[in-house]
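In full-length UniProt numbering, the protein residues as written are 1 to 158.
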C-alpha cells in the first residue's frame, strides 16, 4: 500500500485512536469471542450450545455474548420450552452478518497457511456448489488486488 498526498509524510500524522482495525480488534479481543462468532455463523443460538461447541467456560461465553450484544453484532431474544424457565437465544444482526467476509477471510487464510490448503470444512455456494472465496477487488474489472495495488488517501470524513 502506498500513501497519497499529505499522508506520505508519516512523521506529520498518526491515525491513533481513529484506526478502525484497532477498534474491531478491541471488540473481538479473545479466542472465545471469535469462536462464539463462528458458532453464530454456523447457526448456534443457545447459550449451552455455545459453551459446548467452543469448549470455553460459561463465564467466558457470557462475556463474549454480552460484548457482541453491546456492539449490536448479536441480538438476544427470549424463548421458553414447555415446562422450563425463559431463556435467551442469540442471533446475528445485520452488523454481525457484515462480519462474514472477515470470518471467511480468517478461515481461508488459516486453511491456506496453517493447514497446507486442507481445512476441515469446505464453504460452498448453496445454489451452485462452487467454492466460496474472499478476495480484495476493485470495480469495474473485479480482478484480485495485491497490497501494492492499493493507495491510501484521506477520506472525505477525515
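Don't be surprised by glycine CBs; every beta carbon is placed ideally from N, CA and C.
The structure displayed is predicted, hence computed values, not measured ones.
Inset, instruction - Could you check which residue in 15, 21 and 71 has the C-alpha nearest to that of residue 37? - result: Answer by Cα proximity: 71.
Inset, instruction - Could you spell out the range, first to last residue, of the alpha helix (DSSP H) harbouring residue 60? - result: 58-70
Inset, instruction - Could you pull out every unbroken beta strand (DSSP E) segment of at least 3 residues lying fully inside the region 79-107, listed in chain order? - result: 87-92
Legend entry - At least three beta-carbon pairs within less than 8 Å, the region 30-47 to the region 79-99: yes
Inset, instruction - Mark residue 15 as exposed unless 16 or more other C-beta atoms lie within 10 angstroms of its C-beta, in which case mark it buried. - result: exposed
Legend entry - Distance between residue 103 and residue 10 (C-alpha atoms, nearest Å): Residue 103 has its alpha-carbon roughly 31 Å from the corresponding atom of residue 10.
Legend entry - Pairwise C-alpha distance: residue 133 and residue 100: 11 Å
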